[in-house]
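In the order they appear, the protein sequences are chains A and B. Residue 167 in this note's numbering sits at position 167 of the first sequence; the count goes up by one each step and never skips. Residue 67 in this note's numbering sits at position 67 of the second sequence; the count goes up by one each step and never skips. Positions of the beta carbon are idealized from the N, C-alpha and C atoms, including for glycine. Here the structure is laid out as structure tokens; the discussion comes afterwards.
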Amino acid sequence: MENIVIVGNGQAGVQLVDSLRAEGYAGKITLLGEENQLPYQRPPLSKDYLAAGSQPQSLPLRAASFYRDNTVDSRLGVQVIAVDRRTRTVRLGDGSEVEYSKLVLATGAANRELTVPGSDLAGIHGLRTLADAEVVHARLDTVRSIVVVGAGFIGLEFAAAARQRGIDVTVLEFADRPMGRAVSPAISEYFADAHRRAGVNLQLGDGIASFEGRNGHVTTVVGTTGRSYPADFVLVGIGVEPRTELASAAGLPVQNGITVDAAMCTMDPDIFALGDCANYPNRHAGARTRLESVQNATDQARHTAKAIVGEAEEYAVLPWFWSQQGNLKLQIAGLVRPGDQTIVRGEPATGKFSVFCFRDGELAAVESVNQPADHMAARRLLGQRRSLSTAQARDPEFDFRNYSKLQPAVAG
Amino acid sequence: MAKLSFHHNDGNVDVLDVDTGASVMRAAVTNGVPGIVGECGGNAMCATCHVYVREPYLASLPEISDDEEEMLDCTAAPRDEARSRLGCQLVLDNGLAELEVDVPDNQV
Ligand SMILES: Cc1cc2nc3c(=O)[nH]c(=O)nc-3n(C[C@H](O)[C@H](O)[C@H](O)COP(=O)(O)OP(=O)(O)OC[C@H]3O[C@@H](n4cnc5c(N)ncnc54)[C@H](O)[C@@H]3O)c2cc1C
Ligand code: FES
């Protein structure tokens with residue numbers, strides 16, 4: 001029996017349904033998701049969704065009619081608890097079973113939990129699901145002082161949104177710069193200043209030692225430096241863990257994500273994994289990577305559909321990412337690595353500039369602040385695996401956007 | 001309420017009654033109008049919500065911001081200098097209670 005079973009109906013799972021049908025697959029598709037809502041987009045949850053005055057509305061990934069029109073057996077509120085590779089079945093939380101011909105794990109990631117004294121107090125929240133966002137939004141009307149734990153993308157997006165609502169916000173970051181895992185020092189520095197100017201109390205080099213509370217509710221956050229910060233609301237944004245539990249229990253290799261090959265296939269030729277939960281060989285990074293982005297989820301879904309329906313090719317799409325923090329727009333083409341040589345083009349003081357990151361003399365990534373055209377030009381250039389010289393990058397007269405449109409001299 | 005029409009290349013038209021305050025992109029995605037993707041959720045970051053606004057409505061549109069301007073240069077279907085807009089930047093409000101757009105052939 002033919003049945004492509006997709007576990008997880010987030011960005012990757014839903015795009016996969018779309019792409020399988022677009023590739024001409026006419027067989028059965030079963031889409032299983034443990035959340036009760038119609039699949040929705042996560043990015044707005046830390047941005048527009050929290051804006052003051054607006055009645056929050058989630059943004060669906062596809063209209064309800066999509067699942068009917070594409071004859072997908074879409075089941076909400078069901079959790080897959082086990083995969084049996086021998087009988088090719090998945091077991092659901094209600095005890096029922098579903099047989100698959102191909103299985104796709106699109107299980108995403110879960111928020112990393114803080115385990116310090118007091119972390120079970122009320123008023124301490126994470127932000128990953130629509131259910132989380134509903135709780136957070138409802139509380140923002142009444143809270144007075146917020147502590148955000150972690151200056152990553154979600155923490156800073158949330159902090160900016162809360163500041164725009166006039167709430168006191170402190171951000172504690174253990175590392176010495178914000179977004180340190182993903183951006184160059186130049187970008188970290190610019191965003192640190194910008195958030196501070198917007199009134200965010202950004203404390204670098206301070207982690208969380210404990211939470212203190214009254215009547216079971218958080219009142220104070222105590223940092224590892226011994227300082228304490230008042231808080232009647234805490235948002236924890238210290239990163240995520242890929243959801244690999246099904247794969248490991250089924251005996252599939254897992255290392256910082258479910259290990260897949262360049263066609264998104266696991267060690268079992270009938271099981272694929274993609275999106276936030278998958279660790280894949282990335283040609284642009286020259287290394288195995290696990291990425292957490294909409295682009296990664298959707299492009300891998302398009303690719304996996306092709307791999308399932310037709311020929312398995314190598315996945316070689318350029319990663320790109322965006323973050324919106326208040327009125328700061330950050331776009332990244334390619335992957336920034338520690339130690340990259342960076343060249344700033346444009347004047348940060350104007351609020352519009354790009355950072356060009358070189359590795360071994362080749363352009364590896366471009367970070368753009370409020371410069372979408374630079375970002376799109378960088379995507380074009382890097383996508384074609386072309387570079388420019390550091391001298392060109394340094395030359396303010398060099399027309400980067402035009403250069404990106406030129407055809408490569410030698411194809412391939 | 002605002003009235004929003006999407007004209008497709010095959011001659012089909014989707015007509016929606018939408019709440020004021022919604023963007024063209026949100027209305028399209030929520031109602032399953034084909035051809036509008038909206039992958040970035042409305043941040044003017046992806047250019048997959050590109051539409052061509054029909055002539056009679058051009059005068060009542062909000063101004064194009066710098067960011068929208070730059071993204072419009074990067075749409076998958078060709079930009080029409082006069083009519084191209086990002087659907088996520090077009091909010092239906094009292095000044096824009098009716099709108100008709102053409103949906104491009106492709107967005108990605
Ligand atoms: C608040 C927030 C803001 C973000 N902002 C941005 C942004 O600005 N730009 C950007 O590029 N990315 C952003 N991201 C990241 C982006 O949303 C993710 O990378 C993307 O959603 C990953 O897609 P996915 O399908 O792999 O996982 P998900 O979208 O997380 O979907 C996985 C789904 O699988 C379900 N599931 C897991 N296990 C099971 C099981 N056993 N049984 C049934 N169902 C299961 C989960 O409940 C979940 O719904 C943001 C994420 C969050 C949370
Ligand atoms: S939804 Fe991404 S640019 Fe409009």
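Selection from the options that minimises the alpha carbon distance to residue i
i: A/Ala138; options: A/Glu292, A/Gly123 and A/Ala209; result: A/Gly123
i: A/Ser65; options: B/Glu69, B/Val29 and B/Glu100; result: B/Val29
i: A/Ala316; options: A/Trp322, A/Asn296, A/Leu328 and A/Gln331; result: A/Asn296
i: A/Ile154; options: A/Lys47, A/Ala365 and A/Leu274; result: A/Lys47
i: B/Ser65; options: A/Val183, A/Gln371, A/Gln407 and A/Ser101; result: A/Gln371
i: A/Val294; options: A/Val5, A/Ala26, A/Thr30 and A/Pro43; result: A/Pro43
i: A/Pro281; options: A/Ile271, A/Asn256, A/Arg302 and A/Pro269; result: A/Asn256
i: A/Leu103; options: A/Arg386, A/Gly226 and A/Thr266; result: A/Thr266
i: A/Asp270; options: A/Glu292, A/Ala247 and A/Thr289; result: A/Ala247
i: B/Leu16; options: B/Tyr52, B/Asn31 and B/Asp73; result: B/Asn31
i: A/Arg112; options: A/His125, A/Gly339 and A/Ala391; result: A/His125
i: A/Gly275; options: A/Ala349, A/Gly180, A/Pro348 and A/Pro242; result: A/Pro242
i: A/Asp168; options: A/Asn402, A/Ala250 and A/Val234; result: A/Val234
i: B/Leu61; options: B/Val103, B/Glu98, B/Asp14 and B/Ser5; result: B/Glu98
i: A/Arg165; options: A/Val171, A/Thr142 and A/Pro185; result: A/Thr142
i: A/Leu32; options: A/Ala63, A/Leu45 and A/Glu97; result: A/Glu97
i: A/Arg288; options: A/Leu335, A/Arg345 and A/Glu311; result: A/Leu335
i: A/Ser19; options: A/Ala301, A/Asp360 and A/Leu114; result: A/Ala301
i: A/Val200; options: A/Leu156, A/Ile238, A/Val183 and A/Val236; result: A/Leu156
i: A/Ser368; options: A/Arg401, A/Ile258 and A/Thr115; result: A/Arg401
i: A/Arg385; options: A/Ala364, A/Glu397 and A/Asn279; result: A/Ala364
i: A/Ala110; options: A/Val254, A/Arg144, A/Ser145 and A/Ile238; result: A/Ile238
i: B/Val103; options: B/Val53, B/Asn43 and B/Met1; result: B/Val53
i: A/Val135; options: A/Ala391, A/Leu45 and A/Arg91; result: A/Leu45
Cβ neighbours of residue i in the same chain (closer than 6 Å, five flanking residues each side left out)
i: A/Leu130; result: Gln37, Tyr40 and Ser58
i: A/Gly93; result: Gln79 and Ile81
i: A/Val366; result: Ala333, Ser354, Phe356 and Ala378
i: A/Gly10; result: Gly108
i: B/Val91; result: Ser23
i: A/Phe174; result: Gly207
i: A/Pro60; result: Leu38 and Tyr40
i: A/Val222; result: Ala209, Ser210 and Ser228
i: A/Ala393; result: Ile343 and Phe356
i: A/Ile418; result: A question about residue 418 of chain A goes unanswered here, because the residues of chain A that appear run from 1 up to 412.
i: A/Gln324; result: Lys47
i: B/Ala47; result: Met71, Cys74 and Thr75
i: B/Leu96; result: Ser60
Same chain only: Cβ atoms within 8 Å of residue i, ignoring 5 sequence neighbours per side
i: A/Arg196; result: Leu202
i: B/Glu55; result: Arg83
i: A/Glu314; result: Ala262, Ala263 and Arg283
i: A/Pro185; result: Arg177 and Thr342
Supposed close pair residue i, residue j - CB separation, criterion 8 Å
i: A/His284; j: A/Pro319; result: 6 Å
i: A/Phe158; j: A/Leu50; result: 7 Å
i: A/Ile4; j: A/Gly13; result: About 11 Å separates the two Cβ atoms, so there is no contact after all.
i: A/Cys277; j: A/Thr298; result: No, A/Cys277 and A/Thr298 are not in contact; Cβ-Cβ is about 15 Å, not under 8 Å.
i: A/Trp322; j: A/Leu330; result: 7 Å
i: A/Gly8; j: A/Ala106; result: 4 Å
i: B/His7; j: B/Val101; result: 7 Å
i: A/Val147; j: A/Ala52; result: Between A/Ala52 and A/Val147 the Cβ distance is about 20 Å, and since that is not below 8 Å, they are no contact.
i: A/Gly177; j: A/Ala161; result: The question names Gly, yet the displayed sequence has Arg at residue 177 of chain A. Their Cβ separation, rounded to whole angstroms, is 21 Å, which puts A/Arg177 and A/Ala161 out of contact at 8 Å.
i: A/Ala198; j: A/Gly326; result: 6 Å
i: A/Tyr403; j: A/Leu388; result: 7 Å
Neighbourhood of residue i by C-beta distance below 7 Å, restricted to the same chain and skipping five residues each side
i: A/Gly213; result: Gly118, Leu121 and Thr219
i: A/Leu291; result: Pro319
i: A/Ser188; result: Arg177, Pro178, Met179 and Gly180
i: A/Asp132; result: His125 and Gly126
i: B/Glu63; result: none
i: B/Asp105; result: Asn9 and Ala77
i: A/Ala411; result: Confidence in A/Ala411 is poor, its pLDDT being 48 and thus under 50, which makes the residue's placement unreliable; the coordinate value appears in the next sentence. Answer for A/Ala411: no residue qualifies.
i: A/Val72; result: Val17, Ile29 and Leu31
i: A/Glu99; result: Met1, Asn3, Arg88 and Thr89
Beta carbon proximity, residue i to chain C, threshold 7 Å
i: B/Met1; result: Annotation note: the requested chain C is absent from the structure, which comprises protein chains A and B.
With 9 Å as the C-beta to C-beta threshold (strictly closer), list the residues of the region 59 to 71 of chain A near chain B in chain order. Leu59, Pro60, Leu61, Arg62, Ala63, Ala64, Ser65, Phe66 and Asp69
Chain-ordered residues of the region 83 to 97 of chain B with a beta carbon less than 7 Å from chain A: none
Which residues, taken in chain order from the region 372 to 398 of chain A, show a beta carbon closer than 7 Å to some beta carbon of chain B? Pro372, Ala373 and Met376
Please identify, using Cβ separations under 7 Å, the residues of the region 54 to 80 of chain B that lie next to chain A, in order along the chain. Asp67, Glu70, Met71, Asp73 and Cys74
Against chain B: residues of the region 109 to 132 of chain A by CB proximity under 9 Å: none
Residues of the region 11 to 30 of chain B with a CB closer than 7 Å to any CB of chain A: list them in chain order, please. Arg26, Val29 and Thr30
To be precise: take each residue of the region 295 to 308 of chain A, compare its Cβ to all Cβ atoms of chain B, and keep it if any distance is under 7 Å. Which residues remain? Thr298
Residues, ordered as in the chain, of the region 253 to 270 of chain A that lie near chain B by beta-carbon distance below 8 Å: Answer in chain order: no residues at all.
Using a Cβ-Cβ cutoff of 8 Å, what residues of the region 319 to 340 of chain A are near chain B? List them in chain order. Taking 8 Å as the Cβ-Cβ cut-off against chain B, the residues of the region 319 to 340 of chain A that qualify are Trp322, Gln324, Lys329 and Gln331.
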